[in-house]
Amino acid sequence: MRCRDCEQYLPDFVTNALPKAEMQVVREHLKTCPRCRKEQENLHNAFVLLDDAKQFERASTPAINLLPGIHARISARKRIRTPWVSVPRIARYAAIPLAVLIFALYLLIPTRFDGKDEQIFTEREKESLLRGIDAESLSIEELLAIGGTSFEEISSSSIPDLPDDAFANAQESLIPISESDALSYALITADPEDVLESLPSEVSEKILEDFEKHSML
Amino acid sequence: MYMAYRENMTEWTDKELVTRCKSGDRHAFDTLVIRYQERIYWIIKRIVRNHEDAIDITQDVFVKAYQKMSSFREDSGVYTWLYRIGINMSLNHVRKRKLRQLLSLDDLSTGISSTEQTPAQDCEKEEIQRLISKAIDRLPEKQRLVFLFRYYDELPYEDISTILGTSVGGLKANYFHAVKKIEAFVKNAL
């Protein structure tokens with residue numbers, strides 16, 4: 029064995045981490061090589077110091093429990109999907125185009141209301157719908173649905189501001205109702221003040237006019 | 051019954067736990083954390099030389115492992131995998147810290163927390179420990195890592211070779227030179 033080869037084995041020789049056969053080869057070399065014996069002695073001293081320091085460091089450091097912290101971080105970073113559940117790669121890749129397709133279909137297919145289904149919009153949705161609304165392009169049913177109401181509801185209680193007789197007249201006038209009238213009903217039931225404020229002034233004036241016209245009936 | 055299931059889990063092999071983790075068993079993941087948190091913490095602490103940073107990075111290692119568990123291909127053992135994540139994160143942390151120090155964004159002393167610095171208690175062991183830490187710090191990166199893996203964590207050379215991408219022969223030479231340098235540094239300082 030050459031000294032250079034012996035050096036590579038020495039740390040593990042000193043710490044008894046070598047297999048038996050290699051231990052024997054190193055031992056034989058050390059018998060005949062004072063230089064490597066000196067290296068062995070130095071390494072032995074180093075490991076004594078290292079072992080002492082390691083023991084001391086371990087003893088002076090309290091045990092750790094990182095589970096609560098890890099749980100907290102996982103909860104904080106958790107995404108909608110459970111990250112470690114094995115999902116086939118192809119399904120993962122297909123998920124995004126599928127979502128886009130569904131969204132595109134949702135946008136493309138016009139929504140129809142039969143006037144009987146209760147269509148509930150959140151305030152934000154109502155506001156956003158009404159802000160960009162073009163009364164000419166929507167059916168009466170759709171306009172009423174935006175207001176969260178229907179013909180039946182209009183005829184019963186959704187125009188509380190109207191006097192009783194005016195309400196009866198308004199009820200009668202529902203059948204030939206125009207788009208703009210329907211829009212005003214929709215707006216009334218949506219939340220008149222907020223909605224009117226969010227509309228362009230010419231539109232809101234028109235609606236107010238219609239509303240007054242109905243009140244006068 | 052459930053408690054018995056959880057208790058049994060501590061006796062499960064890493065492979066069994068990983069399989070459980072992949073199917074969404076949170077307790078299997080917790081068992082892995084409990085099994086390896088100390089070892090991962092210590093190896094990280096020896097690289098970053100700061101208790102708070104080591105705790106922080108160790109937690110991040112397990113969070114990352116949790117998130118990436120489904121993509122863990124099990125070419126190596128889970129411990130080697132965690133180890134590798136820990137080493138990469140610690141080295142990144144140390145490099146960033148050095149960069150910040152170079153740019154003078156941090157005080158030069160921030161690398162080592164107050165808990166690392168020995169108060170003047172004239173404790174010989176503390177002094178030796180401090181010197182050893184300093185000696186390890188001065189080693190070239192590869193030698194330092196080989197020393198940490200081999201001495202403190204007693205990893206087989208084959209595992210270290212997988213982690214560092216170096217031949218076993220090269221690792222043995224690195225280990226020898228690392229111990230020699232540490233010994234020389236401490237001897238000169240005492």
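Residue numbers (my numbering), protein chains in the order written: chain A, 29 to 245; chain B, 51 to 240. Idealized CB from N, CA, C, for every residue including glycine.
Every alpha helix (DSSP H) stretch that sits fully inside the stretch 48-121 of chain A and reaches 4 residues is listed by chain position as 48-60, 62-87, 95-105.
For residue 199 (chain B), not one C-beta of chain A is nearer than 8 Å to its own C-beta. Rounded to whole angstroms, the Cβ separation of residue 232 (chain B) and residue 186 (chain B) is 7 Å, and the two are in contact under 8 Å. Contact annotation: residue 91 (chain B) and residue 92 (chain A) have beta-carbon atoms nearer than 8 Å. For the stretch 46-76 of chain A, the beta-carbon criterion of a distance under 9 Å to any beta-carbon of chain B is satisfied by 67, 70, 71, 73, 74, 75. Using a Cβ-Cβ cut-off of 8 Å, residue 81 (chain A) is close to 175, 178, 179, 182 of chain B, given in chain order. The way I'd put it, the stretch 211-221 of chain B doesn't touch the stretch 53-63 of chain A; fewer than three beta-carbon pairs between them come closer than 8 Å. For residue 102 (chain A), the chain B residues whose C-beta falls within less than 7 Å of its own C-beta are 113, 116, listed in chain order. Near chain A, meaning a CB-to-CB distance below 8 Å, the residues of the stretch 78-95 of chain B are 79, 80, 83, 84, 87, 88, 91. The beta carbon of residue 131 (chain A) sits no closer than 8 Å to any beta carbon of chain B.
Straight across, the Cα-Cα distance linking residue 208 (chain B) with residue 71 (chain B) is about 26 Å. Residue 98 (chain A) reaches chain B at 83, 109, 112, 113, 116, counting residues in chain order whose Cβ is nearer than 8 Å. CA-CA distance, residue 223 (chain B) to residue 34 (chain A), rounds to 10 Å. In chain order, 113, 117 make up the part of chain B whose C-beta sits under 8 Å from the C-beta of residue 105 (chain A). Taking residue 199 (chain B) as reference, the option from B:229, B:180, B:85 with the minimal CA-CA separation is B:229. Sequence-distant Cβ neighbours of residue 78 (chain B) in its own chain, meaning closer than 7 Å and more than five residues away, are 59, 67, 70, 71. Residue-level contact by beta carbon holds for residue 84 (chain A) and chain B, with a gap shorter than 8 Å. The continuous alpha helix (DSSP H) containing residue 224 (chain B) extends over residues 218-239. Using a CB distance cut-off of 8 Å, residue 92 (chain A) counts as an interface residue toward chain B. Residue 104 (chain B) sits in a helix when the DSSP states are folded into three classes.
In terms of CA proximity to residue 67 (chain A), B:234 leads the group B:234, B:239, B:240.
At least 8 Å separates the beta-carbon of residue 213 (chain B) from that of residue 86 (chain B).
Listed by position along chain A, the residues whose Cβ is nearer than 8 Å to that of residue 233 (chain B) are 70, 71, 73, 74, 77. Residue 112 (chain B) is positioned such that its CB atom lies closer than 8 Å to that of residue 83 (chain B). Taken through DSSP and simplified to helix, strand or coil, residue 78 (chain B) comes out as helix. Contact between residue 181 (chain B) and residue 236 (chain B) holds: CB atoms are separated by about 5 Å, below the 8 Å threshold. Taking the beta carbon of residue 125 (chain A) as reference, no residue of chain B falls within 7 Å; the closest one sits roughly 21 Å away. With respect to residue 80 (chain B), residue 95 (chain A) sits close: the two C-beta atoms are nearer than 8 Å.
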